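J.:
In full-length UniProt numbering, the protein residues as written are 1 to 146.
Below is the structure:
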């Protein structure tokens, strides 16, 4: 692939991912009640989470905003992509646990006040697509360094 095409694809992927993380972080800071509900639901398994559910949602939102900043700025891309991948794998693990337990979760709370409400199946598919984009961007960065 030509370097120009690699650059265009990488730029598109990082801006797309940056906007997703920006929307998610801002939405949860405005209203994180659905996300907090999922943390509290997880607290039925890990009891100590209940005390920190609000803090967990706030820190998650701030982390998403930091990742969005680096992705949109185009700096520290490896770290930003790594952080985005870790967050999505973590979120997907929790949602997969709920799905396998047969829990009925109407809204993942991923985007807080901004809506985009979706059930577990749609959210897991969206996360799989985002993870694929992150891996693709990482491969493009790696191939550009060779």
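From the three backbone atoms N, C-alpha and C, an ideal C-beta is built for every residue, glycine too.
Bear in mind that the values here come from a model prediction, so they are computed numbers and not experimental data.
By Cβ distance, which residues of its chain are closer than 7 angstroms to residue 37, with the 5 residues on each side in sequence left out?
T.: For the purposes of this step, residue 37 is taken as the residue at position 37 of the chain shown. Counting only Cβ-Cβ distances below 7 angstroms, and skipping sequence neighbours, we find 109.
J.: Any contact between the stretch 125-139 and the stretch 37-57? By contact I mean 3 or more CB pairs, one from each, below 8 angstroms.
T.: Segments in contact, no.
J.: If you measure between the beta carbons of residue 21 and residue 59, is that distance less than 8 angstroms?
T.: Residue 21 sits at position 21 when you count from the first residue of the chain shown. Residue 59 sits at position 59 when you count from the first residue of the chain shown. No, Cβ-Cβ distance for residue 21 and residue 59 is not below 8 angstroms.
J.: Alpha carbon to alpha carbon, how far is residue 12 from residue 79?
T.: Indexing the chain shown from 1 puts residue 12 at position 12. Indexing the chain shown from 1 puts residue 79 at position 79. Residue 12 and residue 79: Cα-Cα distance of roughly 18 angstroms.
J.: Across the stretch 114-122 and the stretch 85-101, are there enough close Cβ pairs to call them in contact, namely three or more that are closer than 8 angstroms?
T.: In short, these stretches touch, since the Cβ pair count reaches three.
J.: May I have the straight-line CA-CA distance separating residue 73 from residue 17, to the nearest angstrom?
T.: For this step, residue 73 is matched to residue 73 along the chain shown. For this step, residue 17 is matched to residue 17 along the chain shown. Each residue's Cα considered, the two are about 12 angstroms apart.
J.: In the DSSP assignment, find the unbroken alpha helix (DSSP H) run with residue 23 in it and report its ends.
T.: Locating residue 23 in the chain shown gives position 23, counting from the first residue. Counting along the chain, the alpha helix (DSSP H) containing residue 23 begins and ends at 3-30.
J.: Which residue from 89, 30, 54, 29 puts its Cα closest to that of residue 40?
T.: Here residue 40 refers to the residue found at position 40 of the chain shown. Looking at the Cα atoms, 54 is the closest of the given residues.
J.: Assign residue 70 to one of three DSSP states: helix, strand, or coil.
T.: Counted from its first residue, the chain shown places residue 70 at position 70. In the structure shown, residue 70 sits in a helix (DSSP, three-state: H, G or I).
J.: Does the separation of the CB atoms of residue 124 and residue 95 fall below 8 angstroms?
T.: On the chain shown, position 124 is the one that residue 124 refers to. On the chain shown, position 95 is the one that residue 95 refers to. Yes, Cβ-Cβ distance for residue 124 and residue 95 is below 8 angstroms.
J.: Could you say which of 111, 128, 2, 1 lies nearest to residue 27 if we only look at CA atoms?
T.: Reading the chain shown from its first residue, position 27 is the one you call residue 27. Residue 111 is the option with its Cα nearest to residue 27.
J.: Mind reading off the beta-carbon distance from residue 113 to residue 87? Whole number of angstroms is fine, and I expect it under 8 angstroms.
T.: Locating residue 113 in the chain shown gives position 113, where the first residue counts as 1. Locating residue 87 in the chain shown gives position 87, where the first residue counts as 1. Their Cβ separation, rounded to whole angstroms, is 19 angstroms, which puts residue 113 and residue 87 out of contact at 8 angstroms.
J.: Within the continuous alpha helix (DSSP H) that includes residue 87, where are the two ends?
T.: Sequence index remark: in the chain shown, residue 87 carries index 87 (1-based). Unbroken alpha helix (DSSP H) run through residue 87: 77-100.
J.: Near residue 61, what residues of its chain come up, given a Cβ to Cβ distance below 6 angstroms and the 5 sequence neighbours on each side ignored?
T.: What you label residue 61 is simply residue 61 of the chain shown in a count that begins at 1. Excluding sequence neighbours, residue 61 sits near 25, 28, 29.
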